[in-house]
Structures are given as C-alpha cells and as structure tokens.
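Asks: So that we are looking at the same thing, I have put the structure below in structure tokens.
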DNA sequence: GTTGACTTGTTCTATAAATGTTCTATATTT
DNA sequence: AAATATAGAACATTTATAGAACAAGTCAAC
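Residue numbers (my numbering), protein chains in the order written: chain A, 459 to 664; chain B, 459 to 664.
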C-alpha cells in the first residue's frame with residue numbers, strides 16, 4: 459500500500475487515479491477544487507504537494523496543468539501486463555513439447571487466474587468434443603491439485619501429457635477423454651501428476 | 459499522450475492533425491490565425507515553434523507554407539490498444555441481443571484483424587460442433603462480404619441472426635449448421651445479409 | 001532584368017489573464 | 001497540544017495574445 463496518506467490525501471489520490479485519464483488536459487488546481495468540493499486553491503495545492511512528497515504525483519514546477527501521476531503508479535493502475543509465456547505444444551498422449559525461448563502472448567484477464575499461468579498450443583483433435591480444436595491456445599494455471607470435473611494437464615507415468623477432465627476418488631484417479639466413444643482411463647494416484655488446470659482458451663480463425 | 463503541451467498548443471496540434479490533409483497546400487500562419495481565431499501572426503508563430511520544439515511539427519526554416527506534421531505521431535495514433543467493444547449476445551435463430559452500453563474487452567492481436575471488430579457472447583450450443591460453446595466470446599470483423607467456408611454472422615430475413623459457415627453460389631446462399639445432424643439451409647442471396655466474419659474466439663473456464 | 005508593392009516567416013516587446021506558490025489565520029479532529 | 005483540513009490573501013510565474021519591425025521571398029509592371 460502507498461506510504462501512509464491522510465484521509466483527504468487518499469481521497470484526492472483516488473480521484474486522480476480514476477479521473478486523470480478522462481481529462482483532455484490535466485486539470486488546474488481550481489478545477490480540482492470544483493471537482494472535490496474545495497474552495498481554496500491554496501489548500502488544494504498543499505494536498506497535491508503532499509502527494510508529490512509521497513512520490514505519487516510528478517513534481518510540477520510552476521507548470522500549468524502539470525498534474526500527472528508518477529509513472530510508477532500509472533503502470534500499477536493501467537496494469538497492462540496481460541502477458542503470459544507461451545511454453546510449447548500439447549498433444550494427447552505425448553510429452554509436452556517445450557519451445558526453446560518462450561514468447562509472450564497477450565491474455566485478457568478473464569481468461570487467466572490471479573495465480574501463475576502459462577499458455578500451450580494444442581496439437582490434434584483429441585479434445586475436439588470439449589470444444590478445444592487443433593491449433594487452439596489453452597491457458598493453464600500452474601498448480602498440482604485440482605477439483606473433480608476440472609480439465610487438467612496431467613502427466614501420466616512421467617511420460618505422457620494430456621488435457622483431460624479429472625475425477626479423483628480415494629485410491630484412484632480417472633481421466634475422462636473428451637471423445638465419448640473412448641472409455642475413461644483409470645490410474646493409481648501416484649501414476650498421475652497434475653501439472654496445471656485449464657482456465658482459458660483462445661482460437662484464431664485467420 | 460504527447461509530451462506535455464499547453465492547452466493552446468494541444469488545440470492547435472489537434473487542428474493540424476485533423477485539417478492539414480484537407481488543405482491543397484499547407485496553410486500560412488495567417489490562414490491558421492483565421493482558422494483558430496487569433497489575430498497575431500507572431501503569436502501563432504510562437505505556438506507553432508513550440509510544437510516544433512516538441513518534435514511534432516517539421517522545422518520550417520523560412521519556407522512558405524512549410525507546416526508539416528512529423529511522422530512520429532502516426533505511430534502514436536495506431537497505439538497499442540487491444541480493446542474491442544462487447545456489443546451483445548448471439549443465439550442461433552434469434553436477433554442479436556444488443557446491450558445498452560458496450561463494455562470494452564481486451565482482445566489479443568492474433569484473435570482480431572486490422573479492420574474494425576467487435577465481440578459477441580454466444581448463447582446456446584448451436585455451434586458446439588464447431589468448437590464454439592455456450593458462453594464463449596467470438597470476435598467478429600465488421601464486413602458485409604465473406605469467402606466461402608468462413609463462419610459469418612448472417613442476418614436471415616432481417617430477423618434471425620446466426621453464426622454459420624457460409625457457401626455462396628450463383629443465385630444461392632447456403633448456411634451450414636455446425637451440427638452435422640441438421641441439414642444445410644438454402645436461401646436467395648437477398649434473403650441473407652452478412653454482418654461480419656468470425657476471426658477469433660475466447661473461453662473462460664473459471 | 002529591375003523595380004516596387006505585396007506576401008509571409010521571424011523576432012521582439014508589451015500586456016492581460018490564468019494559474020501555481022507561499023503565507024497566515026481558523027477551525028476540526030485525535 | 002499536535003496533526004489535519006480549509007479559506008483566503010498576496011505574490012510569482014507561465015501562458016496567451018497583440019502588434020510593431022524586419023527579412024526574405026513572390027509577382028506583376030515597366
């Protein structure tokens with residue numbers, strides 16, 4: 459959290475974070491007074507100066523309309539950090555094929571979780587009955603446990619990676635293939651290692 | 459945003475961006491004064507000079523009608539803005555259900571085209587055989603033509619919107635349902651209006 | 001060509017208004 | 001009492017503008 463601000467300072471700072479991008483030009487102190495219900499330009503200046511001291515607002519040396527948030531915080535606000543690493547390819551029944559240097563991909567927030575995630579590209583049609591087609595990108599949250607019914611990246615016998623719905627019972631793990639003509643596969647719990655859980659999927663038709 | 463311009467500088471710069479292409483020749487300072495409501499050529503010169511200092515206008519050393527924008531800013535216009543409007547919901551056989559105020563969604567570049575695009579959310583399982591499930595987001599490029607085999611948003615009889623593969627023959631348009639148990643539907647070309655082409659798809663499992 | 005009026009960019013000074021800055025005084029809260 | 005918040009006055013600087021003077025090019029008339 460930001461270095462202890464007073465109530466008013468926090469209020470003004472919140473307002474700036476929220477509304478500064480909406481102005482065509484940064485507002486004057488008087489305009490800020492109107493917006494926040496002050497009537498003294500001098501008072502507003504004092505508050506702004508405190509925010510400058512706190513390193514949250516760029517120092518504005520006599521510049522008119524010079525109020526800008528520190529770059530530190532614009533990044534934190536705009537949080538345009540939607541990039542996740544694209545780690546390789548996954549095809550049912552084969553190990554994950556990692557690529558040398560993972561490239562970053564944009565992944566919108568709804569398609570990922572707050573936890574660490576990565577992206578794989580699907581090879582083959584083994585999951586087509588689940589709506590995951592050849593060439594799709596899948597977003598995987600990195601974790602080693604899952605709830606029943608989730609689709610997981612599972613490593614079987616330390617060699618084969620698959621993307622399947624998981625069902626865990628005492629002493630048994632069942633992987634349900636998407637294709638309904640194929641029967642579920644039963645394993646001992648120590649034969650199956652969960653590498654991640656499917657949280658998002660993307661496809662390009664171009 | 460451009461390196462902090464004053465209010466007037468921004469106004470003049472915006473005017474130039476907007477209107478410079480409309481002049482047969484770049485305007486003189488006096489013409490700019492007329493256009494922007496100044497009466498002093500000297501004042502206008504001072505403002506233009508500030509824009510030159512800021513790197514937004516080409517330096518014009520005594521040239522007549524020498525005002526030109528720097529190429530710098532064309533790049534800034536094409537800014538890295540991955541946001542597309544989420545316009546509403548599409549369910550097979552019903553009109554598109556528009557929402558009041560479209561919200562913006564992040565859409566990674568591979569899932570969209572260079573042309574204007576928008577996002578719809580799918581309702582129902584009518585496209586599940588194509589790997590498009592209930593709740594998926596689809597990215598649509600706004601255009602009224604398509605190539606055979608593309609998936610389009612088609613408006614049939616001005617009332618029903620569907621997402622289907624299109625096949626266009628002379629005098630006939632065929633819409634192929636994803637579900638193979640259903641038979642293709644044949645229409646007159648003027649019964650079908652193409653509203654866009656599917657270019658991307660996203661799904662959240664959370 | 002040369003001349004001279006005209007246009008146009010450039011530089012300068014002066015002025016008014018807007019706006020940031022600093023200060024003092026007073027209330028309010030803790 | 002100390003910290004916080006506010007108002008308002010006084011001051012300083014920036015911004016915007018006008019207008020004069022000058023230089024350099026343009027163009028028509030001779």
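Glycine included, every Cβ here is placed at the ideal spot set by N, Cα and C.
Bear in mind the structure is a predicted one, so any value in this text is a computation, not a measurement.
Would you tell me roughly how many angstroms separate the C-alpha atoms of residue 562 of chain B and residue 569 of chain B, rounded to the nearest one?
Replies: Residue 562 of chain B and residue 569 of chain B: Cα-Cα distance of roughly 15 angstroms.
Asks: What first and last residue would you give for the beta strand (DSSP E) that runs through residue 474 of chain A?
Replies: Residue 474 of chain A -> not in any beta strand (DSSP E); alpha helix (DSSP H) instead, spanning 465-477.
Asks: At 8 angstroms on the CB atoms, spell out the chain B contacts of residue 510 of chain A, in chain order.
Replies: Here the premise fails: no neighbours, minimum Cβ distance about 16 angstroms.
Asks: At a Cβ cut of 8 angstroms, what residues of the stretch 578-604 of chain A count as close to chain B, listed as they run along the chain?
Replies: Here the close residues are 586, 589, 590, 591 and 594.
Asks: Any C-beta of chain A sitting closer than 8 angstroms to the C-beta of residue 526 of chain B?
Replies: No - not a single Cβ of chain A is within 8 angstroms of the one on residue 526 of chain B.
Asks: What is the DSSP secondary structure of residue 622 of chain A, reduced to helix, strand or coil?
Replies: Residue 622 of chain A: strand per DSSP, three-state reduction.
Asks: Along the alpha helix (DSSP H) that carries residue 510 of chain B, what are the first and last residues, could you check?
Replies: That run of the alpha helix (DSSP H) goes 499-511.
Asks: I'd like to know if the stretch 503-523 of chain B and the stretch 647-663 of chain A are in contact, where contact means that at least 3 CB-CB pairs between them fall below 8 angstroms.
Replies: Judged by Cβ distances under 8 angstroms, the stretch 503-523 of chain B makes no contact with the stretch 647-663 of chain A, as fewer than three pairs qualify.
Asks: So, is residue 639 of chain B buried or exposed, given that buried needs 16 or more other C-beta atoms within 10 angstroms?
Replies: Looking at its Cβ environment, which holds fewer than 16 other Cβ atoms inside 10 Å, residue 639 of chain B is exposed.
Asks: Which same chain residues end up closer than 6 angstroms to residue 625 of chain B when comparing Cβ atoms and leaving out the 5 residues on each side of it in sequence?
Replies: Around residue 625 of chain B: 606 and 632.
Asks: Take residue 582 of chain A and list the residues in its own chain whose beta-carbon comes closer than 7 angstroms to its own, dropping the five residues that flank it on each side.
Replies: If we look at residue 582 of chain A and ignore the five residues flanking it on each side, its Cβ neighbours are 549, 550 and 592.
Asks: Closest to residue 617 of chain A by CA distance: which of A/564, A/552 and A/580 is it?
Replies: The residue with the shortest Cα to Cα distance from residue 617 of chain A is A/552.
Asks: Are residue 621 of chain A and residue 596 of chain A touching if we call contact CB-CB under 8 angstroms?
Replies: A contact, by the Cβ cut-off of 8 angstroms.
Asks: Under 7 angstroms between beta-carbons, which chain B residues line up against residue 569 of chain A? List them in chain order, please.
Replies: Within 7 angstroms Cβ-Cβ: 660 and 662.
Asks: DSSP on residue 531 of chain A, reduced to helix/strand/coil?
Replies: Because the pLDDT of residue 531 of chain A is 49, which lies under 50, any placement of that residue in the model is unreliable, and the number read from its coordinates should be weighed accordingly. Helix at residue 531 of chain A.
Asks: Ignore the nearest five residues each way along the sequence and tell me which others in residue 573 of chain B's own chain have a CB closer than 8 angstroms to its CB.
Replies: Closer than 8 angstroms at Cβ, skipping near neighbours: 599, 600 and 601.
Asks: List, in order along the chain, the chain B residues whose C-beta lies closer than 7 angstroms to that of residue 485 of chain A?
Replies: Within 7 angstroms Cβ-Cβ: nothing; residue 485 of chain A doesn't reach chain B, min ~11 angstroms.
Asks: Let me confirm a value: residue 630 of chain B is counted as buried when at least 16 other C-beta atoms fall within 10 Å, else exposed. Which label applies?
Replies: When all chains shown are included, residue 630 of chain B counts as exposed.
Asks: Contact criterion: CB-CB distance below 8 angstroms. Does residue 563 of chain A meet it with respect to chain B?
Replies: True, the Cβ-Cβ gap to chain B drops below 8 angstroms.
Asks: For chain B, is any of its Cβ atoms less than 8 angstroms away from the one on residue 553 of chain A?
Replies: It does not: the Cβ of residue 553 of chain A has no partner Cβ on chain B nearer than 8 angstroms.
Asks: Report, in whole angstroms, the separation of the C-beta atoms of residue 586 of chain B and residue 589 of chain A, which I expect to be a contact under 8 angstroms.
Replies: So it is a contact: roughly 6 angstroms between Cβ atoms.
Asks: Thinking C-beta only, is residue 525 of chain B closer than 8 angstroms to residue 484 of chain B?
Replies: Going by C-beta atoms, residue 484 of chain B is nearer than 8 angstroms to residue 525 of chain B.
Asks: Mind checking if residue 650 of chain A is an interface residue toward chain B, Cβ cutoff 8 angstroms exclusive?
Replies: No, residue 650 of chain A does not count as interfacial toward chain B.
Asks: Spell out whether any CB of chain B is found under 8 angstroms from the CB atom of residue 574 of chain A.
Replies: Chain B contact via Cβ: absent.
Asks: Closer than 7 angstroms by C-beta to residue 501 of chain A: which residues in its own chain qualify, once you throw out the five before and the five after it? Chain order, please.
Replies: Nothing meets the Cβ criterion.
Asks: Residue 488 of chain A lies in the beta strand (DSSP E); which residues open and close that run?
Replies: Careful: residue 488 of chain A lies outside any beta strand (DSSP E), inside the alpha helix (DSSP H) at 487-494.
Asks: Determine whether the Cβ of residue 656 of chain A lies closer than 8 angstroms to any Cβ atom of chain B.
Replies: Yes, residue 656 of chain A counts as interfacial toward chain B.
Asks: Mind checking if residue 540 of chain A is an interface residue toward chain B, Cβ cutoff 8 angstroms exclusive?
Replies: Chain B, which has a Cβ nearer than 8 angstroms to the Cβ of residue 540 of chain A, makes this yes.
Asks: Skipping 5 residues on each side, what residues in its chain have a beta carbon closer than 7 angstroms to that of residue 615 of chain A?
Replies: Here the set comprises 649.
Asks: Under 9 angstroms Cβ-Cβ, which residues of chain B neighbour residue 609 of chain A?
Replies: What residue 609 of chain A touches in chain B: 663.
Asks: Expressed to the nearest angstrom, what Euclidean distance is found between the alpha-carbon atoms of residue 494 of chain A and residue 520 of chain A?
Replies: The alpha-carbon atoms of residue 494 of chain A and residue 520 of chain A are separated by roughly 22 angstroms.
Asks: Using CA coordinates, which residue listed in A/546, A/558, A/604 and A/557 is at the minimum distance from residue 594 of chain A?
Replies: Cα-wise, what sits closest to residue 594 of chain A is A/546.
Asks: Using C-beta distances below 6 angstroms, list every residue in its chain close to residue 510 of chain A, excluding the 5 sequence neighbours before and after it, in chain order.
Replies: Closer than 6 angstroms at Cβ, skipping near neighbours: 517.
Asks: Enumerate in chain order the residues of its own chain whose CB-to-CB distance from residue 496 of chain B is below 8 angstroms, with the five nearest sequence positions on each side excluded.
Replies: Excluding positions up to five away in sequence, the list reads 490 and 502.
Asks: So is residue 626 of chain B in contact with chain A if we call contact Cβ pairs under 8 angstroms?
Replies: No, its Cβ sits nowhere closer than 8 angstroms to a Cβ of chain A.
Asks: Quick one: what does DSSP say residue 586 of chain A is sitting in, helix, strand or coil?
Replies: Residue 586 of chain A: helix per DSSP, three-state reduction.
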